[in-house]
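I have placed the structure first, in the form of structure tokens, so that the comments after it can refer back to it.
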Amino acid sequence: MTLPREARRRAPVRFERRSQMPWAMRLIVPVLAIVGGLGVGAVILLIGNHSVSGAYQAMWQASFGSSSGFDQTLVQAIPLVLTGLAVTVALRLHIWNIGGEGQMALGAIAAAFVAFHLQHASGPLLLLLMFAAGAAGAAAWALIAAIPRALVGLNEIITTLFLNYIGLLLLSGLINGPWKDPTVVGFAYSKPLPNQASLPTLGSSGVSIGLYISLGIALVIWWLLDRTRYGFSLRIVGGNVRAAEYLRLGVRRRIVLVLMLSGALAGLAGVIEATTQSGRLQEGLTNNYGYVGILVAFLARRQVIPTVIVALLFAGLLNGGDALQATGIPSSIAQIVQAIIIIFVLAGEAGGSYRLVRRGRPREPALAPVAGGSQ
Amino acid sequence: MNFWITALSTGVVLGTPLAYAAVGELIAERAGVVNLGVEGMMLIGAVVGFVVAIKTGSVTLAFIIGALAGGVLAAVHGVMTINLRTNQIVMGLTLTILGTGLSSYIGNNYGYQALSHTLTPVGIPLLDKIPWIGKIFFRHDFVVYLAPVVVVLIGLVITRTRYGLWLRATGESPAAADAAGVPVFLVRHVAVVLGGMLAGIGGAYLSVIYTRSWSDQMTAGRGWIAIALVIFASWRPLLILPGALLFGFIDALNFQLQAKGVSVPSQYLSMMPYVFTLVVLALVWTRQRRRNWGMPLALGNPYEREARS
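So the protein lines, in turn, are chains A and B. Per the numbering used here: the first sequence = residues 1 to 375. Per the numbering used here: the second sequence = residues 1001 to 1309.
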């Protein structure tokens, strides 16, 4: 590709595209990426005169290495599973829902709105209504991007991205304005939600039943996408819009519905955050889960069960980074390691879709989707 | 009256980093590469520029190294998306995470330092005496004056020169450009790196001249505003200038209102750039569709010689 023409002709081997990465490589690439990411992180730590073992030990203890750390990791994994699923669902149609942040915010806003207006409802009923309102509010927010996408093809990446900022600023405006807690000075906190509007926790772990909710939703989504006719029809639309139109599959309707479902999933993440964290809305409620969800879904290759696993890994990394703050090592190292791991995975996947072939050996026609006419 | 003049004048200052970053993103996008890492590249430019300014005392050097730092980060995006053809959206978001993390790591010990020596505003003789206009436009520092010059020059190169034609051809149809002998991969790489350097300059302006200090995530979403600005300007270089003035003014108005103690929630004003962009986008898109609106046809698509088209 970048070699001069002469050199290419003489090279004894050449790269050839292959349609699928071998199974073993799919496992090796992420492992190597994690090792490589930690390695680069170690170099950066050394340059900054920080203790590598100290940093990584603290991160490990706070993420997977101790039971209290693992509980915290689960707490962060709950919203990540949902925002990851939100992106996964939309990606089945090759639609990029970048708007998880905004949809989380709208979910939390809608849920809080219900809670503030039904102060005296019983706990289970109130929670149920809050979840319904949060899902509906976030779905409606996603609809703003879905309708122009379905009708005139307006790029959903742009619209959902900007709707993030509008949604987050709306949340910020509410907790600094009409919903502000007058008794708290210096922090932007909303009034507290009613006491009964908090999700019960599992034993003394601090992990809420949101864990079961998100895993249950993941199962339902898996069933919907991979085990139903509807899920299969989404694959057709995502794979070939023209074929789908020829089959009268209702492409526009599916785009709108799937984006709304995607928004609702992210919205539920917002509701869970609002009903588990401090019992009120606050700045930073979304904690970038919407954006990290995009990376989770992409690395999980649009598959539901891997999305759950990758979400757990990312939660551990985020949580490990938070824990560094107490040790005096800049917690930004976790962000750097996270970014480098993603870059290595992306590069590994790009490299893995090629293989070295000796000149003169016939290619396997079934596996090579290479157009013959490039030369 | 004074209130509005101060707001407009600050708007020109705050529009400057937006203009640099946006015109950089515009170059990359006209070549067909979306880079959502603008925020990260601005942050890297800001922190590196600030550290260089503190260590050497040279503002020029600060801007040069800041621009290079932005360019290096952009080059990562270039290699990943142009050569390895990874997804531009995912890579751009990752670049923002990387830039945010790296800038915070580098700036860890610089949070409480202030720059004592930097560029000061210089009035342009005669022009700065014009009532109102003079104070709004002609009493700024050199980097502000340079912004419209850079934008116009880049606009001329894109629309009037052979290299601009290469750039546009690469962004519209890389296969056709390749067949015509345009070095498509080189054009995209240069465009992405230039874009990163301009984002770095925008970031360095914030830390070295505007606040004279470094704080974590000090760009405060301006990288995303710059991306909005490119779309707001419908990918036309000259429209970046009025757009940057408008978005900068909104930013400045916010500060002014807060300083005055007016209880308009600043969040609703901050929303405006995004709302404007969405509304303009929706209106024009429904009327004209993609072609006339100016979005490069191959935007976001990696080019692959071997692919069937």
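In this text, a Cβ means the ideal position worked out from N, Cα and C, and glycines have one as well. Computed from a predicted structure; not experimentally measured.
- Contact annotation: in the region 323 to 347 of chain A, residues whose CB is within less than 9 angstroms of a CB in chain B are Pro-330, Ser-331, Ser-332, Ile-333, Ala-334, Gln-335, Ile-336, Val-337, Gln-338, Ala-339, Ile-340, Ile-342, Ile-343, Leu-346, Ala-347.
- For A:Glu-16, the pairing in a beta bridge is given by DSSP as A:Arg-355.
- A residue is called buried when at least 16 other Cβ atoms come within 10 angstroms of its Cβ; A:Asn-240 does not meet this threshold and is exposed.
- Interface with chain B (9 angstroms Cβ-Cβ cutoff): A:Ala-350 is included.
- If the five residues before and after B:Ile-1209 are omitted, its C-beta is found closer than 8 angstroms to the C-beta atoms of Val-1059, Thr-1118, Leu-1119, Asp-1141, Val-1143, all from its own chain and listed in chain order.
- With at least 16 other beta carbons inside 10 angstroms of its own, A:Leu-268 counts as buried.
- When C-beta distances to chain A are compared with 8 angstroms, the residues of the region 1079 to 1094 of chain B below that value are Met-1080, Asn-1083, Leu-1084, Arg-1085, Thr-1086, Asn-1087, Ile-1089, Val-1090, Met-1091, Leu-1093, Thr-1094, in chain order.
- Put simply, the CB of A:Pro-192 is far from chain B, with every gap to its CB atoms at 9 angstroms or more.
- Partner residues in the beta bridge of B:His-1140, as assigned by DSSP, are B:Val-1122.
- According to DSSP, A:Lys-180 shares a beta bridge with A:Ser-190.
- Taking all protein chains in view, the Cβ of A:Val-89 is crowded by 16 or more other Cβ atoms within 10 Å, so the residue is classified as buried.
- Nearest in C-alpha terms to A:Leu-249, of all of A:Ile-236, A:Val-256, A:Leu-45, is A:Ile-236.
- Between A:Ala-108 and A:Val-271, the C-beta gap is smaller than 9 angstroms, which places the two residues in contact.
- DSSP places B:Ser-1213 within a strand segment (E or B) once states are collapsed to three.
- Secondary structure of B:Ala-1233 (DSSP, three-state): coil.
- Residue-level contact by beta carbon holds for B:Trp-1285 and chain A, with a gap shorter than 9 angstroms.
- For B:Lys-1129, there is no enclosing alpha helix (DSSP H), as DSSP gives it neither H nor E.
- Bounds of the alpha helix (DSSP H) holding A:Leu-312 are 304 to 324.
- Using beta-carbon distances, B:Gln-1267 counts as an interface residue toward chain A, with a partner under 9 angstroms.
- In the three-state reduction of the DSSP assignment, B:Thr-1277 falls in the helix class, which pools H, G and I.
- With a minimum length of 4 residues, the unbroken runs of alpha helix (DSSP H) contained wholly in the region 1037 to 1074 of chain B fall at 1038 to 1056.
- For the set B:Phe-1247, B:Phe-1050, B:Leu-1269, the Cα lying nearest the Cα of B:Leu-1257 is the one of B:Leu-1269.
- Taking C-beta atoms under 8 angstroms as the contact rule, B:Gly-1196 and B:Gly-1066 fail to qualify, at a distance of about 11 angstroms.
- The closest CA to that of B:Leu-1102, considering only B:Val-1230, B:Arg-1030, B:Ile-1250, B:Val-1047, is found on B:Val-1047.
- Relative to B:Ala-1028, the option among B:Ile-1082, B:Gly-1049, B:Leu-1014 whose CA is nearest is B:Ile-1082.
- Residue environment for B:Thr-1056: exposed (fewer than 16 other C-beta atoms within 10 angstroms of its C-beta).
- For the region 1093 to 1116 of chain B, the residues whose beta carbon sits under 7 angstroms from a beta carbon of chain A are, in order, Leu-1093, Thr-1094, Ile-1097, Leu-1098, Thr-1100, Gly-1101, Leu-1102, Ser-1104, Tyr-1105, Asn-1108.
- When rounded, the separation of the alpha-carbon atoms in B:Glu-1172 and B:Phe-1185 is 14 angstroms.
- Contact between A:Glu-101 and A:Gly-290 holds, since their C-beta atoms are separated by about 3 angstroms, short of 8 angstroms.
- In this structure, the CA atom of B:Val-1187 is about 10 angstroms from the CA atom of B:Arg-1168.
- Here the alpha carbons of B:Gly-1024 and A:Arg-301 stand approximately 32 angstroms from one another.
- Judged by DSSP in its simplified three-state form, A:Thr-228 adopts coil rather than helix or strand.
- The continuous stretches of alpha helix (DSSP H) do not include B:Asn-1087, and DSSP gives it neither H nor E.
- Here B:Ala-1180 carries a coil assignment [DSSP, helix/strand/coil].
- Between the alpha carbons of B:Val-1122 and B:Met-1080 lies a gap of roughly 42 angstroms.
- For B:Gln-1258, DSSP assigns no beta-bridge partner whatsoever.
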